[in-house]
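**Q** Numbering (this note's numbering), first residue to last: 172 to 381.
For every residue, glycine included, the Cβ atom is placed at its ideal position computed from N, Cα and C.
What you are looking at is a predicted structure, and each value in this text was computed from that prediction instead of being measured.
This structure is in structure tokens; I'll ask about it shortly.
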Ligand SMILES: C[S@@+](CC[C@H](N)C(=O)[O-])C[C@H]1O[C@@H](n2cnc3c(N)ncnc32)[C@H](O)[C@@H]1O
């Protein structure tokens, strides 16, 4: 009986600490670890397949900036198992869940390095593909960082949020409840100028996918 109560107290304390940690890191990073939904993840995979068709060599190195619980990282690493994946996540609880999921799924994916660090401190110059699901403030900072560091051949795939001041090269709209947009940009070296920082020029190639 006493052991049962101790176990319940330990579980409850761990849950409270985990919940507090999620709240604190939501404030620190500016966004909660909201996962990519089950309807959007396959469309994002389709977007990556469109950028790297089977006839083309896959990206050598891919980065996921803010991988959360791994909801996008795991499907993408199995889609591109020959790519070297690097993922960043600051929030400890989702980070450890992702590490656990990667450990369980070992063998189904290629090499993945997941770090509990701020991706703004990472060097993006090695990336052939950058995937993210962030928020407008982070996209503004990221846009400047990509302009300094990204290779001209790098593809940037962003779930929901645009890179301000840039026109996407491709745009896919998911057929989900929110008509979630996925924006694809080629390269980050030349920062396009626009009077309106939330510039929303039409993509040169856009489609809706269910
Ligand atoms: C909306 S969630 C997306 C999670 C995952 N990419 C997905 O699509 O399922 C954004 C994640 O980015 C993380 N994040 C935000 N800014 C970060 C930063 N500067 N460094 C590392 N992680 C960050 C947050 O902790 C959060 O888990």
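Find out if the Cβ-Cβ distance for the pair residue 343, residue 380 is shorter than 7 Å.
**A** As a first step, residue 343 must be located in the chain shown, where it is residue number 172. As a first step, residue 380 must be located in the chain shown, where it is residue number 209. Yes, they are a contact pair.
**Q** Comparing alpha-carbon positions, which option in 203, 284 and 251 lies nearest residue 225?
**A** The residue you call residue 225 lines up with position 54 of the chain shown. When only C-alpha atoms are compared, the closest one is 251.
**Q** Evaluate residue 239 with the Cβ neighbour count: other Cβ atoms within 10 Å of its Cβ, from every protein chain shown; 16 or more gives buried, anything less gives exposed.
**A** Taking the first residue of the chain shown as position 1, residue 239 is located at position 68. With 16 or more Cβ atoms within 10 Å of its Cβ, residue 239 is classed as buried.
**Q** Identify every residue that forms a DSSP beta bridge with residue 215.
**A** For the purposes of this step, residue 215 is taken as residue 44 along the chain shown, with counting starting at 1. Per DSSP, none; premise fails for residue 215.
**Q** Whose C-beta lies closer than 8 Å to the C-beta of residue 217 among residues of the same chain, with five residues either side of it excluded?
**A** Against the chain shown, residue 217 aligns to sequence position 46. Contacts found: 343 and 380.
**Q** Could you say if the segment 258–274 and the segment 321–336 meet the contact criterion of at least three C-beta pairs nearer than 8 Å?
**A** Taking 8 Å as the limit for Cβ pairs, the verdict is that the segment 321–336 does not touch the segment 258–274.
**Q** Kindly indicate which residue of 228, 323, 274 and 229 has the alpha-carbon position closest to the one of residue 245.
**A** What you label residue 245 is simply residue 74 of the chain shown in a count that begins at 1. Checked all of 228, 323, 274 and 229; the closest Cα to residue 245 is 274.
**Q** Under 6 Å Cβ to Cβ from residue 370, same chain only, skipping five residues before and after it: list those, please.
**A** For the purposes of this step, residue 370 is taken as residue 199 along the chain shown, with counting starting at 1. Residue placement at residue 370 is flagged as unreliable, the pLDDT there being 49, under the threshold of 50; the coordinate-derived value follows with that caveat. Contacts found: 336.
**Q** Is the segment 218–237 in contact with the segment 180–189, if contact means three or more CB pairs nearer than 8 Å?
**A** Because the criterion of three Cβ pairs below 8 Å is not met, the segment 218–237 and the segment 180–189 do not touch.
**Q** Grab the span of the alpha helix (DSSP H) containing residue 284 for me, first residue to last.
**A** Here residue 284 refers to the residue found at position 113 when the chain shown is read from its first residue. Looking at the DSSP string, residue 284 is not in any alpha helix (DSSP H); the run it does join, the beta strand (DSSP E), is 283–286.
**Q** Pull up the DSSP beta-bridge partners for residue 267, would you.
**A** The residue labelled residue 267 in the question sits at position 96 within the chain shown. None; residue 267 has no bridge partner.
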